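Chains as they are written, first to last, in our numbering: chain A, 646 to 951; chain B, 2 to 234. Virtual Cβ for every residue (Gly too), placed ideally from N, Cα, C. Fair warning: this is a prediction, and the values are worked out from it, not measured in the lab.
Here it is, written out as structure tokens:
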């Protein structure tokens with residue numbers, strides 16, 4: 646699970662504030678452009694974009710790198726609307742790590758962050774993608790990502806949202822090719838938010854594997870609907886684990902794991918639970934001098950990061 | 002000067018009476034050992050005076066530093082200077098010991114320097130018995146309490162870890178910290194030399210003595226029940 650400290654230590658390879666690209670780092674191994682420039686200068690990228698992009702990043706990892714990539718997309722002004730398309734391509738056999746931060750720099754900016762993303766992992770590529778969101782309580786956030794995993798590739802996708810916006814609508818679609826594997830981890834601290842999560846893993850390649858872990862916290866009138874599905878059409882393995890914590894009676898969590906199997910050789914399973922904060926843990930932390938709110942915050946943070 | 006004074010304490014949990022009119026005092030700088038078989042009420046006593054909510058005080062008084070703390074919340078009792086080493090502390094997945102220490106105290110104890118590996122791990126997750134006890138001691142000593150309550154600190158320890166734990170306790174005794182040691186084994190007392198010992202059976206203190214060696218001898222030779230003959234020795 647990514648650390649929320651990534652937000653504080655952000656000195657990124659790509660920095661976008663509001664709708665202006667502030668900086669792009671250059672290296673021999675990786676080509677980083679704004680999506681707008683990629684569209685106009687690299688014809689082959691057009692098939693991955695959904696029409697001409699208005700903003701966002703293009704990252705093409707062409708050679709092996711020994712440093713983590715980082716991007717920061719921030720909202721700093723009032724009533725900013727971002728409509729981004731992000732494209733990341735990891736070439737054959739390359740192992741890469743990316744720390745990706747999207748955030749509002751202040752609490753009440755009433756921003757809109759719409760981000761469509763496509764991540765292409767070519768044959769044998771491997772990517773650890775740590776995605777941290779930190780939003781103000783009046784933002785509207787709509788990330789819609791598609792991951793295409795080539796033969797033998799592997800993806801670790803870790804999404805952490807400790808500060809949820811007013812509306813959060815997450816869509817993730819992961820298309821798994823032959824012998825590819827994916828570990829998905831999505832953790833959302835829902836505070837007074839309307840949250841919709843729709844995650845779909847397509848096990849389309851023979852021997853592909855997926856584990857999807859969803860951790861949700863509902864507090865202060867949060868309304869969370871999380872659908873997590875695995876669809877297996879080839880001999881493959883998949884597991885969904887949805888765990889949720891309810892902090893108060895004013896919140897609502899709907900956790901919906903879905904398994905669709907179209908191949909008798911496929912093994913797909915799920916488990917789901919919704920519970921409350923453990924009294925034993927709570928009292929233990931109070932016995933260390935933390936008040937109830939501090940103890941609950943710490944337990945939630947541990948739950949989402951574990 | 003009395004640090005803790007408990008009078009006629011009756012405690013219930015899940016509708017069942019566990020402590021039956023318990024009287025106990027701990028002086029400032031005193032080390033008191035509370036002995037007793039399993040399920041005699043020793044841990045209930047520790048948790049009741051700490052203020053854990055599942056233990057309902059039906060009647061009686063608890064004074065700490067002369068102040069009635071019966072209605073004081075658990076965390077406020079910690080601020081007043083009480084700290085408890087749990088016999089079976091819960092696992093806290095995702096919470097590093099170092100993070101917890103940062104939250105509970107500005108002042109970091111010296112013991113954690115020898116256990117850097119523990120600091121980087123999630124509290125009590127896959128800890129051995131000895132690691133749990135060390136983690137507990139690191140936490141409570143970071144709180145710098147006036148009264149340290151050790152609930153079965155000697156259980157589940159190998160010789161080396163027991164030696165380490167005993168050394169830490171002895172150092173705190175030397176510094177004048179008041180300590181309540183709860184144990185059903187008693188061996189640790191030979192290394193700590195408590196000022197007084199009490200024996201609890203069926204939720205009652207049946208024996209109090211300043212001669213812990215005599216009490217231990219009676220217990221070893223006979224049984225806890227025989228201690229009633231040495232009441233107020």
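Check	Outcome
Proximity test, Cβ basis, 8 Å: residue 925(A) and chain B	yes
Rounded distance between the beta-carbons of residue 20(B) and residue 11(B), thought under 8 Å	6 Å
Run of the beta strand (DSSP E) containing residue 881(A), from where it starts to where it stops	Where residue 881(A) is concerned, there is no enclosing beta strand (DSSP E), given that its DSSP letter is neither H nor E.
Nearest neighbour of residue 822(A), chosen from 852(A), 707(A), 658(A) and 691(A) [CA to CA]	852(A)
Where residue 70(B) sits in the DSSP three-state scheme	coil
Other residues of its chain near residue 68(B): CB distance less than 8 Å, five sequence neighbours each side excluded	81
CB contact below 8 Å: residue 890(A) versus chain B	no
Uninterrupted alpha helix (DSSP H) stretches inside the stretch 140-177 of chain B (no shorter than 4 residues)	160-175
Residue 881(A) vs residue 903(A) beta-carbon contact at 8 Å	no
Residue from 770(A), 927(A) and 938(A) whose Cα sits closest to the Cα of residue 90(B)	927(A)
Those residues which DSSP pairs with residue 34(B) across a bridge	182(B) and 198(B)
Partner residues on chain A for residue 87(B), Cβ-Cβ distance less than 8 Å	929 and 932
Proximal chain B residues relative to residue 687(A), where beta-carbon distance stays under 8 Å	None at all; the shortest Cβ gap to chain B is about 41 Å.
Identity of the residue in 783(A), 872(A) and 748(A) nearest residue 760(A) by Cα	748(A)
Interface flag, residue 806(A) vs chain B, CB-CB below 8 Å	no
3 or more residues per run - each beta strand (DSSP E) lying fully within the stretch 737-767 of chain A	740-749 and 757-766
Cross-chain neighbours of residue 947(A) in chain B, by beta carbon under 7 Å	93, 94, 95 and 96
Whole-angstrom distance between residue 941(A) and residue 189(B), CA atom to CA atom	36 Å
Inter-residue Cα distance where the pair is residue 739(A) and residue 95(B)	30 Å
Chain A within 8 Å of residue 12(B), Cβ atoms only	no
Cβ contact (3+ pairs, closer than 8 Å) linking the stretch 701-716 of chain A and the stretch 673-693 of chain A	yes
Segment contact flag, the stretch 791-805 of chain A with the stretch 766-774 of chain A, C-beta cutoff 8 Å, min 3 pairs	yes
When 131(B), 181(B) and 151(B) are compared against residue 160(B), the one with the closest alpha-carbon	131(B)
Euclidean distance between Cα positions of residue 699(A) and residue 813(A)	21 Å
Chain-ordered neighbours of residue 834(A) on chain B, where CB pairs are closer than 7 Å	Within 7 Å Cβ-Cβ: nothing; residue 834(A) doesn't reach chain B, min ~12 Å.
Beta-carbon proximity list for residue 25(B), same chain, < 7 Å, skipping 5 on both sides	7, 199 and 206
Cβ neighbour criterion (16 or more within 10 Å) applied to residue 914(A)	exposed
Three-state class that DSSP yields for residue 130(B) in the structure shown	helix
Per-residue contacts from residue 144(B) into chain A (C-beta, under 9 Å)	933 and 934
Beta-carbon spacing of residue 43(B), residue 56(B) below 8 Å	no
Proximity of residue 154(B) and residue 135(B) at Cβ, strictly below 8 Å	no
Residue from 855(A), 867(A) and 899(A) with nearest C-alpha to residue 912(A)	855(A)
Outcome for residue 950(A) when other beta-carbon atoms lying within 10 angstroms are tallied against a minimum of 16	buried
Those runs of the beta strand (DSSP E) which lie wholly inside the stretch 758-845 of chain A and span at least 3 residues	771-779, 785-794, 799-808, 812-821 and 826-836
Short CB-CB distance (under 8 Å) between residue 50(B) and chain A	no
Delimiting residues of the alpha helix (DSSP H) encompassing residue 685(A)	680-686
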